Amino acid sequence: MPHTLSRRRAALAVVAAATLITALFVVTTRSRADAALVLVSQGKPATASSTENAASPASAAVDGNAGTRWSSAFGDPQWIQVDLGATTSVGQVVLQWEAAYARSFQIQVASAAGGPWTTIYSTTTGAGGTQALTVTGTGRYVRMNGTARGTPYGYSLWEFQVYGLIDTGCSGNAALNRPAAASTVENATMPASAAFDGNAATRWSSTFADPQWLRVDLGNTQTLCQVVLQWEPAYARAFQIQVSSGPDGPWTTVYSTTTGTGGTQTLAVSGSGRYVRMNGTARATAYGYSLWEFVVRTSGSGPTPPPTTNPPPTGGFWGDTASIPAAQNVVMVKVLNRTNGRYPDSQVYWSYNGQVHSIAEQPYFDMPANTAGRMYFHLGSPTSEYNDFIEFTVGPNVFNGNTTRVDAFALKLAMRLHSRDGYDASVGETEATFAEDRAVTFQRFSDAVPAEFKHLATIQAPYRIPSPGNSPQFRAGGQYQNYLTAYASQNGLPAATSDIFGCAGPLANNAAGCAALNRHVAHLPAAQQSNPANFYQAPPANYYAKFWHDRAINNLSYGFPYDDYAEQSSFISHGSPQWLLVAVGW
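Those letters in the sequence shown? Residues 81 to 666, per the working numbering, in order.
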């Protein structure tokens with residue numbers, strides 16, 4: 081990749097500088113037009129046709145823990161089912177497969193544990209990874225019925241999540257990505273904002289004491305009708321849901337219990353306020369209070385505040401922003417050590433345009449205007465093999481930049497850009513990805529991708545996971561040189577596999593075509609090729625890129641050179657930039 085912004089963005093930087101001062105790209109996630117999706121399976125009773133051993137029970141797939149899994153015996157067919165406790169209208173099922181996935185399976189519903197079963201989804205081309213399936217059906221029991229394995233092993237799911245549909249009279253999530261605060265946080269990787277980010281893999285956790293509270297600012301007065309709490313195992317035995325017109329009260333209690341059960345609690349409430357908080361007064365465990373998600377549903381009687389683009393967390397992962405000095409040039413850059421104690425600040429280095437400093441000696445850099453550049457980061461020493469970079473162009477009054485996985489993954493990186501007009505956006509790996517050890521990330525990659533991609537986790541380990549275009553196995557003469565060629569030819573875009581991954585050769589000036597082949601949507605009508613719900617649904621596809629999208633803030637990542645097509649990349653740009661935070665992880 082050239083020493084510029086990832087491919088097409090270099091050419092668009094001038095246009096972006098002119099247009100993005102007045103235009104914001106806002107990512108929103110919508111469910112059915114007439115209903116809202118709520119996770120209803122977590123912590124519910126689960127059974128299966130078989131288990132590989134006692135360490136992989138059916139319950140492990142519905143416990144909300146992405147580190148535990150159900151695994152079946154090594155044979156076909158196999159099934160896993162969950163009892164929702166009551167008849168439920170089902171709108172979505174999310175399957176998070178371990179490497180032992182189903183090639184052919186059905187999602188089925190029934191009113192009784194033994195059936196009869198109604199199939200609401202079926203495939204014979206399952207590709208593993210994380211599958212978010214839109215379905216329509218009603219039942220108390222929901223099961224995945226596997227009929228053909230994708231590997232010689234059994235069927236194995238990290239998580240089997242069933243989402244029910246709530247009537248639109250009480251819908252939406254007024255708390256999603258709103259500013260949050262808490263009485264305490266256990267550590268920097270578990271901030272208050274993690275309970276309001278829509279990501280079930282991140283969480284808020286308090287210190288180990290009573291009482292504790294978690295609060296969200298809805299932006300203006302809203303009429304509440306429901307609160308959904310998705311507890312981690314550290315839950316509240318006694319707590320109240322409270323509302324107020326001010327951040328410090330006085331508080332009105334709209335729900336109270338002394339017999340909380342944890343799991344997912346869907347609470348009917350009635351009250352109005354701008355601020356909503358969970359006030360925990362008695363823990364159920366020796367640990368603190370911890371919530372994966374805190375959802376606030378409203379009746380729509382109050383005005384809806386304007387959406388924000390991934391607004392900043394309060395302290396926590398991004399730290400203190402109030403003390404960042406003003407830039408004398410264009411934007412003040414602050415580099416953050418988020419290696420979870422692996423390296424001290426004195427061993428986290430940044431370099432740009434001949435300057436090399438550790439965070440300990442100089443955490444700030446006053447960025448001047450430049451035509452194109454990269455800032456590199458090294459761990460351990462200024463010449464360490466553990467290194468990665470961000471790339472950018474900076475105009476007199478605009479920042480354009482991105483994190484990138486086009487060449488390889490080497491270090492976990494995230495950027496947060498804040499402008500003087502209030503714009504605040506973050507891109508890069510999620511806080512949950514930063515929180516896990518490097519070896520875990522490498523293993524998760526190997527577990528998540530098909531066989532053709534697994535070697536990427538080892539050929540340059542432990543320093544990086546190269547993109548498939550940089551692997552000899554996908555080039556001429558390599559074992560997988562024809563991985564994408566047939567699919568490309570069938571869809572009128574003949575090219576070598578390495579040229580497809582690299583958007584080179586005949587695809588060098590065809591952003592739409594290259595993106596469609598990498599995402600496996602080239603066979604679809606053009607109008608459907610920009611819908612992320614259609615991406616990576618079957619092989620052959622760029623599963624390296626998919627992995628980094630699945631672990632990126634708002635699922636936006638640069639996994640191949642034209643990944644910005646349909647606005648799916650980790651590119652951010654805005655005028656009047658005030659500061660840029662860059663988090664460097666292990």
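We put the CB at the ideal spot given by N, CA and C, even for glycine. Computed from a prediction, not measured in an experiment: that's the story for all the values here.
Local Cβ density within 10 Å of residue i, reported as buried at 16 or more and exposed below that
{"i": "residue 442", "result": "exposed"}
{"i": "residue 236", "result": "buried"}
{"i": "residue 603", "result": "exposed"}
{"i": "residue 547", "result": "buried"}
{"i": "residue 480", "result": "buried"}
{"i": "residue 329", "result": "exposed"}
{"i": "residue 376", "result": "buried"}
{"i": "residue 110", "result": "Caution applies to residue 110, whose pLDDT of 32 falls short of 50 and renders its modelled position unreliable; the value that the coordinates give is listed next. It counts as exposed."}
{"i": "residue 327", "result": "exposed"}
{"i": "residue 446", "result": "exposed"}
{"i": "residue 143", "result": "buried"}
{"i": "residue 121", "result": "buried"}
Limits of the unbroken alpha helix (DSSP H) element including residue i
{"i": "residue 525", "result": "518-528"}
{"i": "residue 626", "result": "623-630"}
{"i": "residue 578", "result": "577-582"}
{"i": "residue 457", "result": "Run containing residue 457: none in the alpha helix (DSSP H); it sits in the beta strand (DSSP E), 450-459."}
{"i": "residue 534", "result": "531-534"}
Short CB-CB distance (under 8 Å) between residue i and chain B
{"i": "residue 569", "result": "Judged by its chain identifiers, the structure shown contains no chain B, having just a single protein chain."}
Chain-order list of residues whose beta-carbon lies under 6 Å from that of residue i (same chain, five-residue window excluded)
{"i": "residue 382", "result": "Caution applies to residue 382, whose pLDDT of 39 falls short of 50 and renders its modelled position unreliable; the model cannot decide the point."}
{"i": "residue 202", "result": "186"}
{"i": "residue 211", "result": "175"}
{"i": "residue 197", "result": "188, 190"}
{"i": "residue 652", "result": "497, 505, 507"}
{"i": "residue 335", "result": "321, 347, 349"}
Nearest-angstrom Cα separation, counted from residue j out to residue i
{"i": "residue 461", "j": "residue 664", "result": "14 Å"}
{"i": "residue 518", "j": "residue 269", "result": "15 Å"}
{"i": "residue 484", "j": "residue 470", "result": "7 Å"}
{"i": "residue 649", "j": "residue 288", "result": "39 Å"}
{"i": "residue 658", "j": "residue 455", "result": "18 Å"}
{"i": "residue 283", "j": "residue 169", "result": "27 Å"}
{"i": "residue 209", "j": "residue 620", "result": "13 Å"}
{"i": "residue 387", "j": "residue 280", "result": "In this predicted model, residue 387 has a pLDDT of only 36, less than 50, meaning its place in the structure is not dependable; the value taken from the coordinates is given anyway. Taking the straight line from one Cα to the other gives about 20 Å."}
{"i": "residue 472", "j": "residue 452", "result": "6 Å"}
{"i": "residue 661", "j": "residue 412", "result": "8 Å"}
{"i": "residue 434", "j": "residue 482", "result": "21 Å"}
{"i": "residue 549", "j": "residue 564", "result": "12 Å"}
{"i": "residue 513", "j": "residue 525", "result": "12 Å"}
{"i": "residue 193", "j": "residue 163", "result": "8 Å"}
{"i": "residue 666", "j": "residue 540", "result": "16 Å"}
Boundaries of the beta strand (DSSP E) in which residue i is found, first to last residue
{"i": "residue 218", "result": "210-229"}
{"i": "residue 561", "result": "Run containing residue 561: none; DSSP gives neither H nor E here."}
{"i": "residue 661", "result": "657-665"}
{"i": "residue 598", "result": "Counting along the chain, residue 598 falls outside any beta strand (DSSP E), though it belongs to the alpha helix (DSSP H) covering 591-599."}
{"i": "residue 514", "result": "Note, residue 514: premise wrong, no beta strand (DSSP E); alpha helix (DSSP H) at 511-515."}
{"i": "residue 471", "result": "467-475"}
{"i": "residue 480", "result": "478-483"}
{"i": "residue 498", "result": "493-499"}
{"i": "residue 667", "result": "As displayed, the chain neither begins before 81 nor continues past 666, which places residue 667 out of reach and without an answer."}
{"i": "residue 363", "result": "344-363"}
{"i": "residue 183", "result": "182-190"}
Beta-carbon contacts of residue i that lie in its chain and below 7 Å, excluding the five residues immediately before and after
{"i": "residue 166", "result": "220"}
{"i": "residue 233", "result": "154, 180"}
{"i": "residue 306", "result": "250, 346, 347, 348, 349, 377"}
{"i": "residue 499", "result": "654, 655, 656, 657, 658"}
{"i": "residue 118", "result": "243, 244, 246, 308, 346"}
{"i": "residue 277", "result": "257"}
{"i": "residue 528", "result": "209, 627"}
{"i": "residue 464", "result": "458"}
Same chain only: Cβ atoms within 8 Å of residue i, ignoring 5 sequence neighbours per side
{"i": "residue 325", "result": "301, 353, 354, 355"}
{"i": "residue 449", "result": "409, 410, 474, 475, 476"}
{"i": "residue 585", "result": "575, 576, 579"}
{"i": "residue 614", "result": "599, 601, 604, 608"}
{"i": "residue 427", "result": "438, 459, 460, 461"}
Near the ligand ZN: residue i beta-carbon under 7 Å from a heavy atom
{"i": "residue 144", "result": "No copy of the ligand ZN appears in this structure; indeed no ligand is present at all."}
Inter-residue CB distance, residue i and residue j (contact presumed, cutoff 8 Å)
{"i": "residue 624", "j": "residue 616", "result": "Rounded, the Cβ-Cβ distance is 11 Å, inconsistent with contact."}
{"i": "residue 698", "j": "residue 570", "result": "Look at the range of the chain in this structure, 81 to 666, and you will see that residue 698 is not part of it."}
{"i": "residue 310", "j": "residue 238", "result": "Not quite, the Cβ-Cβ distance comes to about 16 Å (not below 8 Å), so this is no contact."}
{"i": "residue 316", "j": "residue 243", "result": "With 8 Å as the limit, residue 316 and residue 243 do not qualify as a contact, their Cβ atoms being about 23 Å apart."}
{"i": "residue 159", "j": "residue 224", "result": "6 Å"}
{"i": "residue 149", "j": "residue 136", "result": "6 Å"}
{"i": "residue 226", "j": "residue 291", "result": "That belief does not hold up - the Cβ atoms of residue 226 and residue 291 are roughly 46 Å apart, past 8 Å."}
{"i": "residue 404", "j": "residue 425", "result": "The pair is not a contact, with the Cβ atoms about 16 Å apart (cut-off 8 Å)."}
{"i": "residue 183", "j": "residue 217", "result": "So it is not a contact: roughly 22 Å between Cβ atoms."}
{"i": "residue 272", "j": "residue 265", "result": "7 Å"}
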